[in-house]
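Q: Numbering (this note's numbering), first residue to last: 3 to 236.
What follows is a single structure, and I will ask about it in a moment.
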């Protein structure tokens, strides 16, 4: 039996190794490197960054445009502070009272925070002014409520006074009616007594005395008073 040739046995292994290396090189050539992928990702990220910066800038510009009315007042305050700081730093203790009086005078002569059409600009008011306006508003509400309560009480008093006046008018009418009835009763009673007096004058004294004894004391007194009033003087 012939021994195998070592060269012929190694040939298939060499061929397989060559094919494996060729496949590795082809795979490496087909797969991009990490640095190549990173370099391609950076150009894609740059437009997104530019777009985000443009959006933020547009939002800030819109905010500044909405609050454009506040910008001059802020600049004015900063300018006044920057101009007044050196003067305040150079003043001595002897001029403190004069500066205080001048500041109070300037505060009293400060123009009101009103616009050209006379309306109050709320953005130009300070914290103390806003608190003062709120306090005045609350005080105004209290005064309005008190005024409404007073008006309501006045209405109730007027209604009560009207009812009292109507009652007084009714009582006066009743008084007049009662006085008329009393006068009419007195006249009728006087007529009755006059008739009785005439009857007693025509009677005999004995009969008249018997009837007088049976009369009520009030009727008897009325008869006597009427008779004495009708007698001639002397």
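Every residue, glycine too, gets a C-beta built ideally from N, C-alpha and C.
Quantities reported herein were computed from a predicted structural model and do not represent experimental measurements.
Check residue 73 in the structure and name its three-state DSSP category.
A: The residue given as residue 73 occupies position 71 in the chain shown. Unreliable positioning characterises residue 73 in this predicted model, as indicated by a pLDDT of 47, which lies under 50. The coordinate reading is nonetheless provided below. Helix at residue 73.
Q: Whole angstroms is fine: what's the gap from residue 210's alpha carbon to residue 173's?
A: Taking the chain shown and counting its residues from 1, one reaches residue 210 at position 208. Taking the chain shown and counting its residues from 1, one reaches residue 173 at position 171. Residue 210 and residue 173: Cα-Cα distance of roughly 46 Å.
Q: If you check the beta carbons only, do residue 225 and residue 195 fall under 8 Å apart?
A: For the purposes of this step, residue 225 is identified with residue 223 of the chain shown, where counting begins at 1. For the purposes of this step, residue 195 is identified with residue 193 of the chain shown, where counting begins at 1. Contact: yes.
Q: What are the start and end residues of the alpha helix (DSSP H) that includes residue 145?
A: As a position in the chain shown, residue 145 is number 143, starting the count at 1. Taken as a continuous stretch (DSSP letters only), the alpha helix (DSSP H) holding residue 145 covers 129-204.
Q: Since residue 214 contacts residue 222 with CB under 8 Å, what's their CB separation in whole angstroms?
A: On the chain shown, position 212 is the one that residue 214 refers to. On the chain shown, position 220 is the one that residue 222 refers to. Right, the Cβ-Cβ distance comes to about 6 Å (below 8 Å), so this counts as a contact.
Q: What would DSSP say about residue 209, mapped onto helix, strand or coil?
A: Counting from 1 along the chain shown, the entry for residue 209 is found at position 207. Helix.
Q: Using C-beta distances below 7 Å, list every residue in its chain close to residue 198, excluding the 5 sequence neighbours before and after it, in chain order.
A: Mapped onto the chain shown, residue 198 falls at position 196. Taken in chain order, the residues that qualify are 225.
Q: If you run the structure through DSSP and keep just helix, strand and coil, what is residue 218?
A: Residue mapping note: residue 218 aligns to position 216 of the chain shown, counting from 1. Here residue 218 sits in coil by DSSP.
Q: Rounded to the nearest angstrom, what separates residue 137 and residue 146 at their Cα positions?
A: By 1-based counting over the chain shown, the position of residue 137 is 135. By 1-based counting over the chain shown, the position of residue 146 is 144. Cα-Cα distance, rounded: 14 Å.
Q: In angstroms with no decimal places, state the Cα-to-Cα distance between residue 180 and residue 187.
A: Mapped onto the chain shown, residue 180 falls at position 178. Mapped onto the chain shown, residue 187 falls at position 185. The straight-line gap from Cα to Cα measures roughly 10 Å.
Q: Identify, in the order they occur along the chain, each residue of the same chain with its Cβ nearer than 7 Å to the Cβ of residue 81, setting aside the five sequence neighbours on each side.
A: Counting from 1 along the chain shown, the entry for residue 81 is found at position 79. Any reading at residue 81 must be qualified, since the residue scores a pLDDT of 48, below 50, and its modelled position is unreliable; the value itself is stated next. Same-chain partners within the cutoff: there are none.
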